[in-house]
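Going by our numbering, the residue at position 115 of the sequence shown is 177; the numbering climbs one at a time, nothing skipped.
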Amino acid sequence: MTTSTTTNARPNQLTTKLTLLISLLLMLSINLFADTMTNPPSIDMQVLPSASQKHVNIVFQTTDLDIVTINLYTENGIFVKKLMKEEETLGFAPQNRTISLDDVTSGVYYIKAITANGAYDDYRIELLP
63 MTTSTTTNAR PNQLTTKLTL LISLLLMLSI NLFADTMTNP PSIDMQVLPS ASQKHVNIVF
123 QTTDLDIVTI NLYTENGIFV KKLMKEEETL GFAPQNRTIS LDDVTSGVYY IKAITANGAY
183 DDYRIELLP
């Protein structure tokens, strides 16, 4: 007595769906990688006013969802303090923050915005007495 097994010529539906899903994920990751290479993440920042006594208004915008850190440096590039660090969840939409500089002495400073992806922008300000 011999038993023969018949194999179905067409693939199992689950295997077909899984193969399609893997192909779609692979295509998506390739497209995301290509987009990152042609359009690297960036940040654009403005600080108003450029000469201020106690407060500055920082407007920044990223091209990606990212974590943004904004630091204050002396004119010689020495770190003074972190002004803010937050996750940018809107991407592409301008963000506006008013920062108090009451505890910083008068002088020339740089405000630098840095993203977790390595993009940065800086702005020179003068704090008046």
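We put the beta carbon where it would ideally sit given N, CA and C, even for glycine.
Strand pairing of residue i, partner residues [DSSP]
i	result
Asn123	Correcting the residue type first, residue 123 is Gln in the shown sequence and not Asn. DSSP output for Gln123 lists Asp106 as bridge partner(s).
Val142	Bridge partners of Val142: none, in fact.
Leu134	Lys143 and Ile173
Leu189	Ser114 and Gly169
Ile129	Glu149
Cβ-Cβ separation, residue j to residue i (assumed contact under 8 Å), whole Å
i	j	result
Asp171	Thr125	Checking the displayed sequence, the identity of residue 171 turns out to be Tyr instead of Asp. Actually they are not in contact, since the Cβ atoms of Tyr171 and Thr125 sit about 26 Å apart, beyond 8 Å.
Asn119	Thr160	5 Å
N- and C-terminal bounds of the beta strand (DSSP E) containing residue i
i	result
Gly169	Gly169 to Thr177
Ser162	Gln157 to Ser162
C-beta atoms of residue i and residue j nearer than 8 Å
i	j	result
Ser168	Leu190	yes
Ile129	Ala178	yes
Leu127	Glu150	yes
Asp183	Ala175	yes
Gln123	Ala155	yes
Leu145	Ile173	yes
Ser112	Glu188	yes
Val121	Asn74	no
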